[in-house]
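Take the sequence shown: its position 64, counted from the start at 1, is 64 in UniProt numbering, and no numbers get skipped.
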Amino acid sequence: MPDNKKVRRRPRKQKKSVQLKVFALGGLGEIGKNMYVFQYGDDILVVDAGLMFPDEEMLGIDFVIPDISYLEENREKIKGIIITHGHEDHIGALPFVLPRLNVPVYGTRLTLGMVRHKLQEAVPDYNANFVEVKAGEEAGLGSFNVQFVSVCHSIPDGVGLVIQTPQGCIVHTGDFKLDPTPIDGRLTDYAAFAEAGKKGVLLMLSDSTNAEKKGFTSSEFIIGGTLDRIFRLHRNKRIIIAAFASNLHRVQQVVDAASRFNRKVAFVGRSMINYVALARELGYLSADDKMIIPAADVYKYAPNQVVVMTTGSQGEPFSGLVLMSKGEHKQIELSARDVVAIFASPVPGNEKLVSSTINRLFACGCEVIYEGDKEIHVSGHAARDELRLMINLVRPKYFVPIHGEYRHLVRHTQIAQEMGISPKNTFVLQNGDVLAISGTRAQVREHVAAGRIMVDGVAMGELEGSIMKERHELAEDGFIVVSAVVDKYLNLLSIPYIESRGFIHIEDASSLHEDLLAAIKRVFEHFAKRKRAVEKDVLELRVKSRVRDVVRRRYVHARPMILPIITMVEERPEK
Ligand SMILES: [Zn+2]
Ligand SMILES: [Zn+2]
1 MPDNKKVRRR PRKQKKSVQL KVFALGGLGE IGKNMYVFQY GDDILVVDAG LMFPDEEMLG
61 IDFVIPDISY LEENREKIKG IIITHGHEDH IGALPFVLPR LNVPVYGTRL TLGMVRHKLQ
121 EAVPDYNANF VEVKAGEEAG LGSFNVQFVS VCHSIPDGVG LVIQTPQGCI VHTGDFKLDP
181 TPIDGRLTDY AAFAEAGKKG VLLMLSDSTN AEKKGFTSSE FIIGGTLDRI FRLHRNKRII
241 IAAFASNLHR VQQVVDAASR FNRKVAFVGR SMINYVALAR ELGYLSADDK MIIPAADVYK
301 YAPNQVVVMT TGSQGEPFSG LVLMSKGEHK QIELSARDVV AIFASPVPGN EKLVSSTINR
361 LFACGCEVIY EGDKEIHVSG HAARDELRLM INLVRPKYFV PIHGEYRHLV RHTQIAQEMG
421 ISPKNTFVLQ NGDVLAISGT RAQVREHVAA GRIMVDGVAM GELEGSIMKE RHELAEDGFI
481 VVSAVVDKYL NLLSIPYIES RGFIHIEDAS SLHEDLLAAI KRVFEHFAKR KRAVEKDVLE
541 LRVKSRVRDV VRRRYVHARP MILPIITMVE ERPEK
């Protein structure tokens, strides 16, 4: 529900002749790495910065993020990045994007909580500038005035956007559905969308994920009924439930069912534990302390006294459920006394992983409840009738389907045309296509770079991963070797050794080496101060990324291969 509306700043008045440019750096023709850009004159507004998980051909790649070279070149124009909600396909690229752009990030409380957590893990040194907003509020970002509109989705606290620009109003739905009975009572704010529609909307960008699905997407509420049936039917068994950790409404319903049936809840899996802790801290999940037990204590309870809520609904290797199914989980051993329910359908591409997990679960002797059994999953995205309704509320002049594979974008465009939007005013864009709108014309003439950046490893700067690339670097770009010896407290035991070849003149080498040395020392000091065990891999990645930063500051085009060798000595040698 909208509350205390406040206007931070009115949009600046500018001449009408300036074009409004709209394009995506990711999210079109794919489900993942969403990043939409709005530019008016010298003001740029970015919406979302997501990642995509790789397909099978990208061996050895952890994930893919948008190419932000356009944004890097125009950094000083960017007024901020608005994050619509906390899913990976909307926030996952921030650890890479944010330190490079260094602009404020706008989002709701839970969304920013998730972003903060992500940044702390990946780039702990980076100090982000967060601006917390609530649905119903507005914020002025240069020529743009952005109103945040509550939308329902498979994660709490999502927003759509109504953006006023000097050329007219833009509606960006965010990921949404029109759930009439959301678990937290926070409805999609139809009135705000309708109000924008009444005043006149120039351009609408809308979620296309379920543009092929008929009717309405069911309410998350029905999951509660399914849970009740499972709890009643399997009164004497231990119940193991797998679901997306970020679907906190579903987690809430499991907690509620457990409380009704007098069972304790144990959370298993890193992301499950993290999300639950964050959501409880920020007030997005209510669960009595007395109900929650650590996974290590599960064995102390009779099967009918406990529910285990775990990650692994997508068959992810090393997730809680997968380890259990392999008999490799340290705390939970499955048997015929267990019933396992997977409350999610496999994301396209994960079918095989999920299927083999189910096979292994049956092999453990458990009863397994999964997709195909009714009402075990509902989508977080609007189906065709909801998309129709949304277009009807907003009534835009121009329509651009977003967030979908090409087929979804085309289907969504057809819906828009059925709703009376002129075919010449609907645009199926690809990433990088710039839709320029001025006065009464909208057209695609320009393109910006919008490729895929493969990320291999967790540290900043680890953007090129393949062996071919390494060989290429070695052959053309030279190399730097950094060798350091540290004790287990990460104190340097000698001055690190640095050797470089093939990319700078020997005269420059000594001053570069001095800078590198200082940067490397700072890395170790940073970790030493935290007084926590650090994996050697993490240290090496960090050293590598710092060395790369230093080199690139001096030689913009240098891409040497960087080889950190860190030796950790158990005890300080006797002097
Ligand atoms: Zn989403
Ligand atoms: Zn999404």
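Positions of the beta carbon are idealized from the N, C-alpha and C atoms, including for glycine. In this text, all values refer to a predicted model and were calculated from it rather than measured experimentally.
In the structure shown, what three-state DSSP assignment does residue i receive?
| i | result |
| --- | --- |
| G160 | strand |
| I91 | helix |
| F524 | helix |
| V103 | coil |
| M468 | Note that M468 scores a pLDDT of 41, beneath 50, so its modelled location is shaky and nothing firm can be said. |
| R238 | strand |
| P166 | coil |
| S69 | helix |
| D288 | coil |
| H412 | helix |
| F144 | strand |
| P564 | strand |
| I155 | coil |
| D62 | coil |
| Y406 | helix |
| H513 | helix |
| K33 | coil |
| K77 | helix |
| Y299 | helix |
| T330 | According to the sequence displayed, residue 330 carries Lys and not Thr. Three-state DSSP puts K330 in coil, outside helix and strand. |
| I437 | strand |
| K397 | strand |
Going along the chain, which residues of its own chain have a beta-carbon closer than 6 Å to the beta-carbon of residue i, five neighbours each way excluded?
| i | result |
| --- | --- |
| A258 | V265 and V307 |
| V534 | F527 |
| V550 | D515, L516 and A519 |
| L20 | Y40, T165, Q167 and I437 |
| V340 | I240, L361, C366 and V368 |
| I498 | V482, H513 and L516 |
| I342 | A242, S313 and Y370 |
| G142 | D43 and K79 |
Could you work out which residue in the options is closest to residue i when comparing CA atoms only?
| i | options | result |
| --- | --- | --- |
| L227 | K521, L98, L435 and I369 | I369 |
| D157 | F148, H447, P401 and V354 | F148 |
| K177 | Y190, D42 and T165 | Y190 |
| E446 | D433, V455, I453 and G439 | D433 |
| A509 | R554, S483 and V523 | R554 |
| F221 | P182, L512, R229 and E212 | P182 |
| D125 | L563, P564, R522 and V534 | R522 |
| E30 | T209, M419 and F244 | T209 |
| I241 | I332, R411 and G420 | I332 |
| I566 | D515, E137, V482 and K290 | V482 |
| E525 | Y489, L110, S500 and D338 | Y489 |
| M309 | V347, A279, I376 and I239 | I239 |
| G174 | G185, F193 and P180 | F193 |
| N262 | H234, M291 and S271 | M291 |
| G420 | P346, M454, Y406 and N392 | N392 |
| E405 | Q120, A211 and I65 | A211 |
| V251 | A24, E375 and R280 | R280 |
| I480 | I562, G32 and E132 | I562 |
So, for residue i: in the same chain, excluding its five sequence neighbours on each side, which residues have a beta-carbon less than 8 Å away from its beta-carbon?
| i | result |
| --- | --- |
| V103 | V46, R75, I78, K79, G80, I81 and N129 |
| D297 | A266 |
| V18 | Y40, G41, P166, Q167 and S438 |
| K199 | C169 |
| S356 | G315 |
| L98 | A49, I81, V105, L119, V123, Y126 and A128 |
| L285 | L248, V251, Q252, V255, V276 and A279 |
Whose C-beta lies closer than 7 Å to the C-beta of residue i among residues of the same chain, with five residues either side of it excluded?
| i | result |
| --- | --- |
| A196 | V162, C169, V171 and V394 |
| K326 | R360 |
| G372 | none |
| Q253 | I183, I223, G224 and L227 |
| T426 | F399, T413, A416 and Q417 |
| N34 | G26, G27, D48, G50, D89, H90 and H403 |
| T217 | K177, N210, V378, S379, H381, A382, A383 and E386 |
Since residue i and residue j should fall inside the 8 Å C-beta cutoff, what is the C-beta to C-beta distance between them, to a whole number of angstroms?
| i | j | result |
| --- | --- | --- |
| D487 | V547 | About 22 Å separates the two Cβ atoms, so there is no contact after all. |
| F399 | A382 | Going by Cβ atoms, the distance from F399 to A382 rounds to 15 Å, so no, they are not a contact pair. |
| L112 | E72 | That belief does not hold up - the Cβ atoms of L112 and E72 are roughly 23 Å apart, past 8 Å. |
| G215 | R384 | 7 Å |
| L516 | P396 | Going by Cβ atoms, the distance from L516 to P396 rounds to 53 Å, so no, they are not a contact pair. |
| A450 | P180 | Actually they are not in contact, since the Cβ atoms of A450 and P180 sit about 37 Å apart, beyond 8 Å. |
| L282 | L110 | 6 Å |
Any C-beta of chain D sitting closer than 8 Å to the C-beta of residue i?
| i | result |
| --- | --- |
| G200 | The chain labelled as chain D is not found in the depicted structure, where only one protein chain is given. |
Task: Runs of alpha helix (DSSP H) wholly within the region 173-199 (minimum 4 residues, chain order) - done: 190-199
TODO: Quick one: which unbroken alpha helix (DSSP H) runs of 4-plus residues sit fully inside the region 194-282? Chain order, please.
DONE: 222-233, 248-260 and 270-282
- [ ] Entirely within the region 348-375 and at least 3 residues each: give me those beta strand (DSSP E) ranges in chain order.
- [x] 367-369
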